[in-house]
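**Student:** Below: one structure in structure tokens.
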Amino acid sequence: MSTDTVVEISNVWKIFGTDPQAALKAIRERGLSKAEVLSEMGAVVGVADVSLSVNRGEIFCIMGLSGSGKSTLVRHFNRLLEPTAGKIEIEGTDVMALGPKELQQFRNQKIGMVFQNFALMPHRSVLDNVAMPLEIRQVAKNERMRQAAAILDIVELGAWGSKFAHELSGGMQQRVGLARALAANPDVLLMDEPFSALDPLIRRQLQDEFIRLSKILKKTTIFITHDLDEAVRIGDRIAIMRDGKMVQMGTAEDIVMQPADDYVADFVAGISRLKVVHAHAVMQPIEAHVTAYGPISADAPRVAENENLSTLINTAIDDDNPIVVQTDGKDIGVITRSDLLRTVIEGTEVS
């Protein structure tokens with residue numbers, strides 16, 4: 353594990369059934385599919401040989417349709433589920449090697465979790481709910497209330513500390529759930545479809561709030577979602593799961609422009625490329641363009657390699673010249689109107 357890697361899991365399997373080890377042996381030796389394992393052995397493969405790493409401060413989105421294994425996978429990070437096989441390391445700690453007391457302490461100090469259902473205690477005030485992780489840690493009452501109040505201010509609910517959960521809207525309750533997870537100052541934040549039960553407008557507002565908080569707190573976050581738009585908007589990297597397997601992992605641009613298979617291509621077909629695709633993925637090498645068309649005009653517009661497709665299109669509308677892409681002030685590529693049209697219509701990368 354590198355110094356910048358916070359979470360690393362290797363070859364994790366989770367098989368549900370009466371004899372998961374026998375099922376795993378059959379898969380490894382006979383190459384049984386998920387359906388064959390269910391038919392022959394009555395076992396369900398929840399996670400199949402998944403490996404991934406998450407870097408410090410990164411928002412890593414794991415997504416897939418219902419039954420893909422994404423929520424099952426995330427519950428292995430803090431051992432709410434025990435893997436059938438594999439290795440899990442967080443901040444260099446072998447999570448599988450922890451005894452019951454060590455695991456309890458690890459969960460309380462290292463991991464924060466936000467669920468889809470807000471899971472607030474109805475008999476406790478908002479402030480008491482947020483302070484719960486610190487109470488479990490036996491922090492003195494005055495200090496835990498001070499820290500809880502400070503976190504409530506960060507999520508902009510400072511005035512609601514004395515209220516109870518039923519007095520808050522769904523979006524406010526979810527912010528309380530997020531504040532509670534943050535109160536213990538965990539190294540890793542696990543978020544399992546935290547906004548999916550909310551109305552679209554409130555959901556988008558909470559996405560904005562989470563993005564704002566992420567910039568302030570820089571928490572390493574594993575974010576589970578079935579919504580590609582949400583993953584693209586929030587995630588630094590995205591992993592797509594299907595039938596318990598990791599199908600593709602990369603930036604939103606990687607996945608949209610270079611889908612690993614037909615399943616991923618269908619998955620991303622409806623996503624707008626305007627904010628996802630950047631100049632470096634669309635451009636032609638500058639040498640090839642000069643060879644074919646001659647020198648580039650000094651008046652040609654120039655953009656950075658990370659400029660998004662929406663800006664590139666507006667630039668092309670305003671200027672008839674090809675767009676020159678630069679990095680560190682050096683011309684590295686060229687984008688024509690044809691390149692832009694092909695990218696918008698087909699989503700193909702220009703070679």
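One rule links them: number in the working numbering = place in the sequence shown (from 1) + 352. Ideal Cβ positions, reconstructed from N, Cα and C, are used throughout, including at glycine.
Per the DSSP calculation, P463 is bridged to which residue(s)?
**Tutor:** If you number the sequence shown from 1, residue 463 lands on position 111. The sequence as given places Ile at residue 463; Pro does not occur at that position. V540.
**Student:** Measuring only the C-alpha atoms, how far is S662 from S362?
**Tutor:** For the purposes of this step, residue 662 is identified with residue 310 of the sequence shown, where counting begins at 1. For the purposes of this step, residue 362 is identified with residue 10 of the sequence shown, where counting begins at 1. Approximately 38 Å between the Cα atoms of the pair.
**Student:** Please classify K462: is it buried, with 16 or more other beta-carbons within 10 angstroms of its beta-carbon, or exposed?
**Tutor:** One-based indexing of the sequence shown puts residue 462 at position 110. Answer is buried; the Cβ neighbour count reaches 16.
**Student:** Can you look up R382 in the DSSP assignment and give me helix, strand or coil?
**Tutor:** As a working note, residue 382 is residue 30 in the sequence shown. Helix.
**Student:** In angstroms with no decimal places, state the Cα-to-Cα distance between E701 and E508.
**Tutor:** As a working note, residue 701 is residue 349 in the sequence shown. As a working note, residue 508 is residue 156 in the sequence shown. For E701, the pLDDT reaches just 44, beneath the cut-off of 50, and the residue's location in the model is therefore unreliable, although a value from the coordinates is still provided. So the alpha carbons of these two residues sit roughly 42 Å apart.
**Student:** Going by the C-beta, is E381 closer than 8 Å to any heavy atom of the ligand ZN?
**Tutor:** Looking for the ligand ZN in the displayed structure turns up nothing, as the structure carries no ligands at all.
**Student:** Is E441 helix, strand or coil by DSSP?
**Tutor:** Numbered from 1 along the sequence shown, position 89 holds the residue referred to as residue 441. If DSSP states are grouped into helix, strand and coil, E441 belongs with the strands.
**Student:** Mapping the DSSP letters down to three states, classify T603 as helix, strand or coil.
**Tutor:** As a position in the sequence shown, residue 603 is number 251, starting the count at 1. Here T603 sits in coil by DSSP.
**Student:** Output needed for N660: all residues of its chain with C-beta closer than 6 Å, excluding positions within five of it in sequence on either side, in chain order.
**Tutor:** Taking the sequence shown and counting its residues from 1, the one referred to as residue 660 is at position 308. Once the five neighbours on either side are set aside, the close Cβ partners of N660 are K627, H630.
**Student:** Are the region 446-453 and the region 563-580 touching, with three or more C-beta to C-beta distances below 8 Å?
**Tutor:** Too few Cβ pairs lie closer than 8 Å, so no.
**Student:** Please state the DSSP three-state secondary structure of H428.
**Tutor:** Mapped onto the sequence shown, residue 428 falls at position 76. Note: H428 maps to coil in three-state DSSP.
**Student:** What is the DSSP secondary structure of M448, counted as helix, strand or coil?
**Tutor:** The residue labelled residue 448 in the question sits at position 96 within the sequence shown. Looking at M448 - three-state DSSP - the assignment turns out to be helix.
**Student:** For chain C, is any of its Cβ atoms less than 9 Å away from the one on W512?
**Tutor:** Protein chain content of the structure displayed is limited to a single chain, and chain C is not contained in it.
**Student:** Runs of 4 residues minimum, wholly inside the region 614-638: which ones carry the alpha helix (DSSP H) assignment?
**Tutor:** Runs of the alpha helix (DSSP H) inside the region 614-638: 614-620, 631-634.
**Student:** Compare the C-alpha of K422 against each of Q468, W365, M593 and name the closest.
**Tutor:** Within the sequence shown, residue 422 is the residue found at index 70, counting from 1. Of the listed residues, the one whose Cα sits closest to K422 is M593.
**Student:** Could you give the DSSP three-state label for D560: helix, strand or coil?
**Tutor:** For this step, residue 560 is matched to residue 208 along the sequence shown. Residue state, collapsed to three classes: helix.
**Student:** Which residues in the same chain have their Cβ closer than 7 Å to the Cβ of A535, if we skip the five residues on either side of it in sequence?
**Tutor:** Numbered from its first residue, the sequence shown carries residue 535 at position 183. V482, A483, P485, L486, Q499, A500, I503, listed in sequence order.
**Student:** Sort L664, D672, L432 by Cα distance to S649 and report the nearest one.
**Tutor:** Your numbering for residue 649 matches position 297 in the sequence shown. Cα-wise, what sits closest to S649 is D672.
**Student:** Measuring only the C-alpha atoms, how far is R757 from R459?
**Tutor:** This structure gives no information on residue 757, because the portion of the chain shown stretches from 353 to 703.
**Student:** Rounded to the nearest angstrom, what separates L432 and V426 at their Cα positions?
**Tutor:** As a working mapping, residue 432 is identified with position 80 in the sequence shown. As a working mapping, residue 426 is identified with position 74 in the sequence shown. Between L432 and V426, the C-alpha separation is close to 9 Å.
**Student:** Please classify K493 as buried or exposed, where buried requires at least 16 neighbouring CB atoms within 10 angstroms.
**Tutor:** Position 141 of the sequence shown, counting from 1, holds the residue named residue 493. The residue in question, K493, is exposed, as its Cβ has fewer than 16 Cβ neighbours within 10 Å.
**Student:** Expressed to the nearest angstrom, what Euclidean distance is found between the alpha-carbon atoms of P546 and V655?
**Tutor:** Sequence index remark: in the sequence shown, residue 546 carries index 194 (1-based). Sequence index remark: in the sequence shown, residue 655 carries index 303 (1-based). Approximately 37 Å between the Cα atoms of the pair.
**Student:** Which residue's Cα is closest to the Cα of V676: D670, G685, I669, A668?
**Tutor:** Taking the first residue of the sequence shown as 1, we reach residue 676 at position 324. Among D670, G685, I669, A668, the Cα nearest to that of V676 belongs to G685.
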